[in-house]
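**Student:** Each step along the sequence shown adds one to the number in the numbering used here, with nothing skipped, and position 13 is 14.
Backbone N, C-alpha and C define an ideal beta-carbon position, used for all residues, glycine too.
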Amino acid sequence: MNEISSCSTRGNGFTRGSLCMLAACVLFTACAGTPNPVLYPNNHLKQVGQVAADRDIAECRQLASGSGVAESKDGKVARQAAGGAAVGGAAAGAWGLVRGNGAGERALAGAAAGAAAGTVRGTMNSSETSPVYKNFVQKCLRDRGYEVIGWQ
Numbered sequence: 002m003n004e005i006s007s008c009s010t011r012g013n014g015f016t017r018g019s020l021c022m023l024a025a026c027v028l029f030t031a032c033a034g035t036p037n038p039v040l041y042p043n044n045h046l047k048q049v050g051q052v053a054a055d056r057d058i059a060e061c062r063q064l065a066s067g068s069g070v071a072e073s074k075d076g077k078v079a080r081q082a083a084g085g086a087a088v089g090g091a092a093a094g095a096w097g098l099v100r101g102n103g104a105g106e107r108a109l110a111g112a113a114a115g116a117a118a119g120t121v122r123g124t125m126n127s128s129e130t131s132p133v134y135k136n137f138v139q140k141c142l143r144d145r146g147y148e149v150i151g152w153q
């Protein structure tokens, strides 16, 4: 069976199952929902109701995106994954050279682990909503009579 597609235990104690689990965590983190504006229950919100408010929030988000405002800090994930791979590969490769056993294999495993760690870190940082995007949506909602008290 091809080693890349398998998630079975390897002879040196590392498991592909661990790497598969880490990849699943990365995907889960990347797919986590973005925060939404929280509206203060002022007279306008009470008058129009939550359904209309949700529609206005969606319209303000669409207006921001349509105006070219990025919702999140794009580009960080790839940079941090590459940095993590370089650091992980170098560290594990150096350890393999010192120990004199499997330097190449350890470097590859270290690069994979470093890339995964960098991806998780980059995903967490890039999933933060851009301050410019938040300000845009908040102004749009304020112009419609809402009071945004935060994001969650």
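State the Cα-Cα distance for the pair S131 and I150, rounded to the nearest angstrom.
**Tutor:** Taking the straight line from one Cα to the other gives about 17 Å.
**Student:** Please return the same chain residues whose Cβ sits closer than 7 Å to the Cβ of E72, not counting the five positions on each side in sequence.
**Tutor:** Correct list, in chain order: T35, S66, T130, S131, Y134.
**Student:** In three-state DSSP terms, what is V149?
**Tutor:** It is a strand residue.
**Student:** Would you mind working out which of V49, V52, K140 sits nearest R62, comparing C-alpha positions?
**Tutor:** That would be K140, whose Cα lies nearest to the Cα of R62.
**Student:** Among I58, G69, V52, S68, which has the Cα closest to the Cα of R143?
**Tutor:** If we check each option's Cα against that of R143, I58 comes out closest.
**Student:** Which of the three DSSP states, helix, strand or coil, is assigned to S66?
**Tutor:** Looking at S66 - three-state DSSP - the assignment turns out to be helix.
**Student:** State yes or no: is the C-beta of A54 within less than 9 Å of the C-beta of L40?
**Tutor:** Cβ distance < 9 Å, so A54 and L40 count as in contact.
**Student:** In the DSSP output, which residue or residues are listed as bridge partners for L40?
**Tutor:** Looking at the DSSP assignment, L40 forms a beta bridge with V149.
**Student:** Going by beta carbon distance, what residues of the same chain come within less than 6 Å of G146, once the five residues before and after it are set aside?
**Tutor:** Counting only Cβ-Cβ distances below 6 Å, and skipping sequence neighbours, we find H45.
**Student:** Apply the 10 Å Cβ neighbour rule to P38 and answer buried if 16 or more other Cβ atoms are within range, or exposed otherwise.
**Tutor:** By the neighbour-count rule (16 or more Cβ atoms within 10 Å), P38 is buried.
**Student:** In the DSSP assignment, what residue or residues form a beta bridge with T35?
**Tutor:** Looking at the DSSP assignment, T35 forms no beta bridge with any residue, so it has no partner.
**Student:** Along the alpha helix (DSSP H) that carries K135, what are the first and last residues, could you check?
**Tutor:** 132–144 is the extent of the alpha helix (DSSP H) around K135.
**Student:** In whole angstroms, what is the alpha-carbon distance linking K74 and P42?
**Tutor:** Answer to the nearest angstrom: the Cα atoms are 30 Å apart.
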